[in-house]
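Note sheet for the following structure.
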Amino acid sequence: MLRRLIYLAIITALTACSPDISDFNVVPFPTHISPKAGAFDLNESTAIVVADQSDQELAQLAAYAAELLELELGLPLPAQTTTTHPGTPNTIGLVLSEDATDNESYTIEATAEAVLVRAATHAGLFYGLQTLRQLPRSRADQPPGNSNGSDWYIPAVVIEDAPRFSYRGMHLDVGRHFFPVEFVKRYIDLIAMYKMNRFHWHLTEDQGWRIEIEKYPRLTEVGAYRKETILEQNFDPYVGDGIPYGGFYNKDEIREVVAHAKSRYVTVVPEIEMPGHSLGALAAYPELACTNGPFEVATVWGIHEDIYCPKEETFAFLEDVLTEVMEVFPGTYIHVGGDEAPKVRWEESTLAQEVMEREGLEDEHALQSYFIRRIESFLRARGRQLIGWDEILEGGLAPEATVMSWRGTAGGIEAAKQGHDVIMTPTSHVYFDYYQGNPDNEPLAIGGYTPLQEVYEFEPVPSELSPDEAQHILGAQGNVWTEYMKTTDYVEYMVFPRAIALSEVVWSPKEARDWDAFARRLQPQLEWLDHFAVNYRVPQVDGLESDRLTLDDRATIALTTLLPNATIRYTTDGSDPTVESTSYSQPQVLPVDENGVTITARAFLASGMSSPPSRARIRRTSLRVAEGIGDGQLESGLEYAYYETQVESIHDLSGLTPIRTGVTSDVQSEEVVRDEQFGTRFEGFLKVPESGVYSFYLTSDDGSSLIIGDETVVDNDGFHGLTEVSGQIALEAGYHPLTLLYFQAGGGKGLQLTVQAPGQEQQFDPQSWLYHMPGR
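Start counting the sequence shown at 591; every next residue gets the next number (this note's numbering).
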């Protein structure tokens, strides 16, 4: 009996020591994790070993593993390529094995004796090491009595892992702002640590040509430099900073970056823009344009009408350029852009029109298709594959082109249905030049709104695709356009932690993704970035997303943060919190007088990093009186007016003559038949079921506005990607006049209205609340 009790006690103790899957703070989360009892203790005698002394790449991986673990633990673990066999006690062994099912898959087996990382390829081992570096734990975090003299340990576990997608990318635009080689290599290091395997390097632009081409020296002598840069967003009237700007990478520097990327199992995808975004080249070689010029390297952002002319001299030039590009970039993919190419110069060009007639092309979109097809044929003959932005679909897709779908997912869906490979990179989820929070509290950005959770919830495979069509979705990519990112610190602020969220989207199984679980695993990732002094963005304090209204003289504020070890501090005088400000621990009830009260909060980390401020003003209000309308006077639906025109603001819709009017059941009117350059006005009444303060959420791409009575409740005007803006109004039960304005200029469309009723937490579609008065 005593023996049985001792046995049960041992089993209970071992079970208690077995960690749960949720205890593993690994990002991206592995395919399978099987926790076991026990732990592998790390100490200064622990060695990282490989069996094959002749495999230099394996030895380099062992040295890399030692570097990572020393950075994390402070332990100088030796990397050995001796006869010590992996599996020997107190070793971490790296083993090339033929058992793996995928070239990038790996397994980790950690026991009390040893740790083994197995993979079929060196790349698989590299990804295994990215997981391994996240496994060690400190004994200081364990209950008393668990220590055996070792400060660090790895829980016993078996991990089997493989990527969901083959293409896992991050992009960097160096045309708008130029970044040194050392930063580019650091950027590659950071994305590789989260198992990204493609670096899309955007090298040519209207604002600067950044790659040395020996046959055309003026590309870098002239095209790499602009006389100045627009000051912030002073487009009209234009204001420049008066500071000459530029730079480029010579071929040795390019080779250095490519070699470094290879050592991190990252393939560099170069982008040479054509036929648009080419002013850098035209400034150097104006004979490549359809007009005489002269041209200068652009000083402002946006789309420029001067593009390459489809003449034979242009194709000879581009083939020469691409030949030199292929000499220094060994990867299969060559990106040729193809986006945002205005056709006005081609429409006015006798030469371009002659090419269209000669080739039997229907319009200028078909001419662009002809342009891209010629380049693709050139690349394909040399064993390379063309990638372009989704505009290359217009006029017909080149035979074997791969499409990057950026204007939403529609282009990717169309390409996949045609049997073409697709990389999803829509503005709605993975444009990291968009704001991460309230623009009033963030550094200047191009616009849009892509918070961390929006990135994490991105699904690259659209539901519209059949299983066979879905096989063409190779993966996804985060894009970093640098119009307003003048420094490396700002690039890091915009990229991290959003790139970490994307890494789990493209690596982990779809069914394993869970926002709450990811949020719990985020803080250790930020602590890892601290090792590299990365200027990441600390997630803001939640609970102050917008100004609030109250019908009372008191208001309750409830603040939260994604980071459990962060300290929230707040003020009520409008100033930004400091480490000396009041600490928040539980919901606070604050008095609200006739002037209102402004609450500002920030999250502070032990590292000294802090979040941007979150700020909201709470003010007292009164109910808007309902209209004296009976139920029988109204019918379901809103009246709409539909315009097909180019405008710059919702205010420009006033006074225009609609091409169509009618009644629609919701704001997603089926009468909107164009993707760009249109506007809509919806008018009617909102039926409010009970009196109280209502929150409205208006999401659009581009501008929109919600007006109730004569009050603008939500102002989401301007050019921007899919962006949600909210507002509040206190409404008496009954009917209230409603006007909703929307315009779409270009780059995708989208409009959605939701509401949150008093006392409810969820937003919902108010479609059943929308009415109009017949014959009004």
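In this text, a Cβ means the ideal position worked out from N, Cα and C, and glycines have one as well.
Please read these numbers as outputs of a predicted model, since none were measured by experiment.
- Item | Span of the alpha helix (DSSP H) around I1297 | On the sequence shown, residue 1297 is found 707 positions in, with the first residue counted as 1. Premise fails: I1297 lies in the beta strand (DSSP E), 1294-1298, not in any alpha helix (DSSP H).
- Query: Along the chain, where does the alpha helix (DSSP H) that runs through V764 open and close?
  - Reply: Counting from one through the sequence shown, the residue named residue 764 turns up at place 174. Looking at the DSSP string, V764 is not in any alpha helix (DSSP H), and its letter there is neither H nor E.
- CB-CB under 6 Å to S868, same chain, minus the five flanking residues each way: which ones, in chain order? To locate residue 868, count along the sequence shown from 1; it is residue 278. Counting only Cβ-Cβ distances below 6 Å, and skipping sequence neighbours, we find I897, Y898.
- Query: Who pairs with F789 in a beta bridge, going by DSSP?
  - Reply: The residue you call residue 789 lines up with position 199 of the sequence shown. M760, V858.
- Reduced DSSP secondary structure (H/G/I, E/B, other) of F619: Translated into positions along the sequence shown, residue 619 becomes position 29. In this structure, F619 counts as coil in the three-state DSSP scheme.
- Decide if H622 is buried, meaning its Cβ has at least 16 other Cβ atoms within 10 Å, or exposed. Taking the first residue of the sequence shown as 1, we reach residue 622 at position 32. Answer is exposed; the Cβ neighbour count stays below 16.
- Ignore the nearest five residues each way along the sequence and tell me which others in E930's own chain have a CB closer than 6 Å to its CB. Counted from its first residue, the sequence shown places residue 930 at position 340. Counting only Cβ-Cβ distances below 6 Å, and skipping sequence neighbours, we find G866, I893.
- Query: When the Cβ atoms of the segment 645-664 are set against those of the segment 693-702, are three or more pairs found closer than 8 Å?
  - Reply: no
- Message: Are the CB atoms of T1247 and A1320 within a distance shorter than 7 Å?
- Response: Along the sequence shown, read from residue 1 onward, the residue named residue 1320 stands at position 730. Along the sequence shown, read from residue 1 onward, the residue named residue 1247 stands at position 657. No; because the gap between Cβ atoms is not below 7 Å, this pair is not in contact.
- Are the Cβ atoms of G813 and A871 separated by less than 7 Å? Position 223 of the sequence shown, counting from 1, holds the residue named residue 813. Position 281 of the sequence shown, counting from 1, holds the residue named residue 871. Yes, Cβ-Cβ distance for G813 and A871 is below 7 Å.
- Task: Give the straight-line distance between the Cα atoms of G759 and V856, rounded to the nearest whole angstrom.
- Result: The residue given as residue 759 occupies position 169 in the sequence shown. The residue given as residue 856 occupies position 266 in the sequence shown. Near 9 Å, if we compare the C-alpha coordinates of V856 and G759.
- Message: Would G1336 and E1266 qualify as a contact pair, given that the criterion is a beta-carbon distance under 7 Å?
- Response: Reading the sequence shown from its first residue, position 746 is the one you call residue 1336. Reading the sequence shown from its first residue, position 676 is the one you call residue 1266. Against a cut-off of 7 Å, the Cβ pair of E1266 and G1336 comes out as a contact.
- Query: Candidates V918, L1331, G830, V707: which alpha carbon is nearest E843's?
  - Reply: As a first step, residue 843 is located in the sequence shown; it is residue number 253 there, counting from the start. It is V918 whose Cα lies nearest to the Cα of E843.
- Item | For E818, the three-state DSSP class (helix, strand or coil) | One-based indexing of the sequence shown puts residue 818 at position 228. Coil at E818, not helix or strand.
- Where DSSP assigns a beta bridge to A1193, which residues make up the other side? The residue labelled residue 1193 in the question sits at position 603 within the sequence shown. For A1193, which the question treats as bridged, DSSP gives the partners I1158.
- Message: Can you tell me which residues form a DSSP beta bridge with K1277?
- Response: Sequence index remark: in the sequence shown, residue 1277 carries index 687 (1-based). BP columns for K1277 point to Y1325.
- Smallest Cα separation from D1221: which of S1244, A1323, D1242? Within the sequence shown, the letter at position 631 stands for residue 1221. Checking every option, the nearest Cα to that of D1221 belongs to A1323.
- Message: In this structure, how does DSSP classify Q1043 when only helix, strand and coil are distinguished?
- Response: Here residue 1043 refers to the residue found at position 453 when the sequence shown is read from its first residue. The answer is helix: DSSP assigns Q1043 an H, G or I state.
- Message: On the criterion of 16 or more Cβ atoms from any shown chain inside 10 Å, does D763 qualify as buried, or is it exposed?
- Response: As a position in the sequence shown, residue 763 is number 173, starting the count at 1. Classification for D763: buried.
- Task: Could you say if the segment 608-620 and the segment 716-730 meet the contact criterion of at least three C-beta pairs nearer than 8 Å?
- Result: yes
- Message: Within a Cβ cutoff of 8 Å, which residues of the same chain sit near G1349, ignoring the five residues on either side of it in sequence?
- Response: One-based indexing of the sequence shown puts residue 1349 at position 759. These residues qualify, in order along the chain: G1282.
- Message: Between which residues of its own chain and V848 is the CB-CB distance below 6 Å, once the five residues before and five after are set aside?
- Response: Looking up residue 848 in the sequence shown gives position 258. Hits under 6 Å: V858.
- C-alpha gap between E861 and G927, whole angstroms: Along the sequence shown, read from residue 1 onward, the residue named residue 861 stands at position 271. Along the sequence shown, read from residue 1 onward, the residue named residue 927 stands at position 337. The straight-line gap from Cα to Cα measures roughly 7 Å.
- Message: For the ligand FAD, is there any heavy atom lying closer than 6 Å to the beta carbon of R1207?
- Response: For the ligand FAD, the structure offers nothing, since it holds no ligand at all.
- Is it right to say I801 is buried, meaning 16 or more other beta carbons lie within 10 angstroms of its own, or is it exposed? Position 211 of the sequence shown, counted from the start, is the residue given in the question as residue 801. Burial call: buried.
- Task: Report the three-state DSSP secondary structure of I1240 (helix, strand or coil).
- Result: As a first step, residue 1240 must be located in the sequence shown, where it is residue number 650. Reduced to three states, the DSSP call for I1240 is helix.
- Query: Rounded C-beta distance between R1209 and V1179? I'm assuming under 8 Å.
  - Reply: Mapped onto the sequence shown, residue 1209 falls at position 619. Mapped onto the sequence shown, residue 1179 falls at position 589. No, R1209 and V1179 are not in contact; Cβ-Cβ is about 16 Å, not under 8 Å.
- Message: Please report the straight-line C-alpha distance between D610 and A627, rounded to a whole angstrom.
- Response: Numbered from 1 along the sequence shown, position 20 holds the residue referred to as residue 610. Numbered from 1 along the sequence shown, position 37 holds the residue referred to as residue 627. Looking at the two C-alpha atoms, the distance is approximately 10 Å.
- Just the C-alpha distance for R776 and D1163, rounded to the nearest angstrom, thanks. On the sequence shown, position 186 is the one that residue 776 refers to. On the sequence shown, position 573 is the one that residue 1163 refers to. The straight-line gap from Cα to Cα measures roughly 41 Å.
- Query: CB-CB under 8 Å to N1155, same chain, minus the five flanking residues each way: which ones, in chain order?
  - Reply: Sequence index remark: in the sequence shown, residue 1155 carries index 565 (1-based). Cβ within range, chain order: Q1113, L1195, A1196.
- Query: Would the beta-carbon of S959 fall within 7 Å of that of G1001?
  - Reply: Position 369 of the sequence shown, counted from the start, is the residue given in the question as residue 959. Position 411 of the sequence shown, counted from the start, is the residue given in the question as residue 1001. Not a contact, by the Cβ cut-off of 7 Å.
- Do T1289 and Q1342 have their C-beta atoms within less than 7 Å of each other? Here the question's residue 1289 lines up with position 699 in the sequence shown. Here the question's residue 1342 lines up with position 752 in the sequence shown. Taking 7 Å as the Cβ cut-off, T1289 and Q1342 qualify as a contacting pair.
- Message: Can you list, in chain order, the residues of its chain with a C-beta nearer than 8 Å to that of L983? Leave out the 5 residues immediately preceding and following it.
- Response: As a position in the sequence shown, residue 983 is number 393, starting the count at 1. Hits under 8 Å: V993, G1001, E1004, A1005.
- Given L661 as reference, the closest of W1118, D751, P827 once Cα atoms are compared: Locating residue 661 in the sequence shown gives position 71, counting from the first residue. Answer by Cα proximity: W1118.
- Task: Within its chain, find whatever has a CB closer than 8 Å to the CB of H625; leave out the 5 residues flanking it on each side and keep chain order.
- Result: Counting from one through the sequence shown, the residue named residue 625 turns up at place 35. His is not the amino acid found at residue 625; the sequence shown has Pro there. Cβ neighbours of P625 beyond the five flanking positions: S608, P609, D610, I611, D613, F614, P745, A746, V747.
- Item | Own chain partners of G1308 with C-beta closer than 8 Å, once the 5 adjacent residues on each side are dropped | Your numbering for residue 1308 matches position 718 in the sequence shown. Cβ within range, chain order: G1037, S1239, D1292, G1293.
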